[in-house]
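Peer 1:
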Amino acid sequence: MLDIKTIRKETELVKNKLSSRNNEFIQKLEELLFIDENIRKLKIQIDELKSQRNSLSKSVKSKEEAETIKEKVKEINNQINLLEEKSEQYEEEINQIVWYLPNMPSDEVPQGKDESENVEIKKYGQIPIKTRVEDHFIIAERKNIWDQNNTTRFCGSRFSSFVGLGAKLQRALINFMLDEASQNGYTEISTPIIVKSNALKGTGQLPKFEEDLYKLTEDDLYLIPTAEVTLTNFFANDNLLNNEDLPKRLCAYTTCFRREAGAAGRDTRGLIRQHQFDKVELVHICKAEDSEEEHEKLVRNAEKILEKLELPYRRILLCTGDMGFSAKKCYDIEVWFPSQNNYREISSCSNCGDFQARRLNLRFKRDNASKPEFLHTLNGSGLAIGRCWAAIIENYLKEDGDIEIPQVLRKYMNGLEII
RNA sequence: GGAGAGAUGGCUGAGUGGCUGAAAGCGGCGGUUUGCUAAACCGUUAUACUUAUUUUUAAGUAUCGGGGGUUCGAAUCCCCCUCUCUCCGCCA
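Each residue of the first sequence is one higher than the one before, starting from 49 at the first, in this note's numbering.
(1) Which first and last residues belong to the alpha helix (DSSP H) in which Gly252 is found?
(2) Whose CA, out of Ala417, Tyr460, Phe202, lies closest to the CA of Leu220?
(3) Between which two residues does the beta strand (DSSP E) containing Ser395 stretch?
(4) Exposed or buried, Ala284, counting other C-beta atoms within 10 Å across all chains shown (16 or more means buried)?
(5) Identify, in the order they occur along the chain, each residue of the same chain with its Cβ nearer than 8 angstroms to the Cβ of Val146, setting aside the five sequence neighbours on each side.
(6) Thinking Val456 and Phe224 are a contact (beta carbons under 8 angstroms), I'd like their distance in whole angstroms, please.
(7) Quick check: the stretch 377 to 394 against the stretch 344 to 361, are at least 3 beta-carbon pairs closer than 8 angstroms?
(8) On a CA-only basis, which of Asp267, Leu365, Ser107 is nearest Asp162? Give me that one, please.
(9) Using the beta-carbon count (16 or more within 10 Å), is Gln26 buried or exposed?
(10) Take Thr425 as the anchor and find which of Asp402, Leu319, Leu445 has the nearest alpha-carbon.
(11) Kindly confirm or deny that the stretch 407 to 422 and the stretch 287 to 295 touch, where touching means at least three C-beta pairs closer than 8 angstroms.
(12) Output the boundary residues of the beta strand (DSSP E) element that contains Leu330.
(13) With H, G and I counted as helix, E and B as strand and the rest as coil, what does DSSP make of Arg321?
(14) Only counting the same chain, and skipping five residues up and downstream in sequence, which positions put a Cβ closer than 7 angstroms to that of Val243?
(15) Arg435 and Glu308: beta carbons closer than 9 angstroms?
(16) Once DSSP output is grouped into helix, strand and coil, what is the label at Ala309?
(17) Taking the CB atoms as reference points, tell me whether Leu431 and Leu354 lie closer together than 9 angstroms.
(18) Decide if Ser68 is buried, meaning its Cβ has at least 16 other Cβ atoms within 10 Å, or exposed.
(19) Thinking just about the alpha-carbon of each residue, which of Glu236, Gly252, Gly310 is nearest to the one in His332?
(20) Could you work out which residue in Lys134, Glu329, Leu97 is closest to Ser238 when comparing CA atoms only?
(21) Bridge partners of Asn126, per DSSP?
(22) Could you compute how far the alpha carbon of Glu72 sits from the alpha carbon of Met371?
(23) So Asn64 packs on Phe373, CB below 8 angstroms; how close in whole Å?
(24) Below 8 angstroms, how does it come out for the stretch 437 to 448 and the stretch 173 to 188: are there three or more Cβ pairs, yes or no?
Take a look at the structure:
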């Protein structure tokens, strides 16, 4: 959530920043400021009336005295009620705007309308020259390590199962990634995958992106689309963190659920876009002045996973038009897919600044004497398991049709070298 | 799911209608004493919003789990919700 004071004081800056994402926000900002102005005028009146009421009530010492002011106070209360009703209406209108405004992009973020204007930052690894290239789902079905047809029969489209050594390979990836994160200083947390709407509101998935989520209507709960939700919420809830608690670096392996509304027809075959997938998520919670550095660390930690798996990748800096709602700066890591002759996203590492912290009231105190300050939150995949699985299958495909197991994973698969 | 108990400041914990933004203790911060440390003593110590401002503060409003109600006046009385604890039932 943006700071209403910033919107008031630096209106032009906020306008520029938000319109660099999308023009629809300019009018919203104008509306917001107008209502905000009205609310404050009302608040002055209300506070004045309340002040009158309080001083009248305080002057009363006995029941008999109360009689003399009863009428006056009742009249004041009537006025207050009227004004407050109006003020609540305005409040509601402001919420309808402010919770739907995205974060302001950082200055370093390139201007652009869509993914075509993203900027490549670096490339790692040699793109293999292969004599045999197949789609991962072709290989996986041939090797009987993955099932689509059966699974869609009882689950519907965009669901699939890992089978046999395929399931073991998935498990190896999970363990490998969690171990890497632990070694890099992350605290592993195993969180629930069902959350209340407030948690999703805090991280920015709600209220704007309800259609992307699976909802348990009976209990007003949601399946998480990413463990960013549970990890970022972990220390929220009004508990102040201390200086020495920071930075927090958390990781979690969870299953994630996305309805993929609006993705009809895209990546319909294979593992790239499923309704349910596994992911190891990395979250940093840190002080404002550290978040740039933490962001670089986070993205490096994600990249190092691919380096150890010896998979070619590139790092992309997303442009203003392609960035997610809560991010002020975002790197995508894309891994090489031979069958597509292209790189595909495998991790998205966002610095959200204080945007989520404001929504969550996630704050800390520098020391006992200082005021609470909002923290900065960052998140990134480290990595998406399914896409990583698919990338390994394709990149490690040998000429004879077998799949080599990456060196670092063999100890997680009882020394198995070939599938 | 059934029965009961509870939720107060950084923490412990008092408070059943006004003088309570909140006793007391602990902790924190500042100071006195001291060769240094400890102890003792004194003072101070919540958050948000609004207005004014000489940007330091001052004033006002709200906040005792959340929401609503009664009342001139609510931490205190009433209703609803959430969460925690104990016992019973069920269960991986």
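In this text, a Cβ means the ideal position worked out from N, Cα and C, and glycines have one as well.
Peer 2: Reading it off the structure:
(1) No alpha helix (DSSP H) contains Gly252, which DSSP labels as neither H nor E.
(2) First, the amino acid is wrong: residue 220 is Ala here, not Leu. Ranking Ala417, Tyr460, Phe202 by Cα distance to Ala220 puts Tyr460 first.
(3) 390 to 399
(4) buried
(5) Met49, Leu50, Ile52, Leu80
(6) 6 angstroms
(7) yes
(8) Leu365
(9) There is simply no residue 26 to check, as the chain begins at 49 and stops at 467 in what is shown.
(10) Asp402
(11) yes
(12) 324 to 334
(13) coil
(14) Leu269, Tyr270, Ile272, Val277, Thr278
(15) no
(16) coil
(17) yes
(18) buried
(19) Glu236
(20) Glu329
(21) None; Asn126 has no bridge partner.
(22) 16 angstroms
(23) So it is not a contact: roughly 18 angstroms between Cβ atoms.
(24) yes
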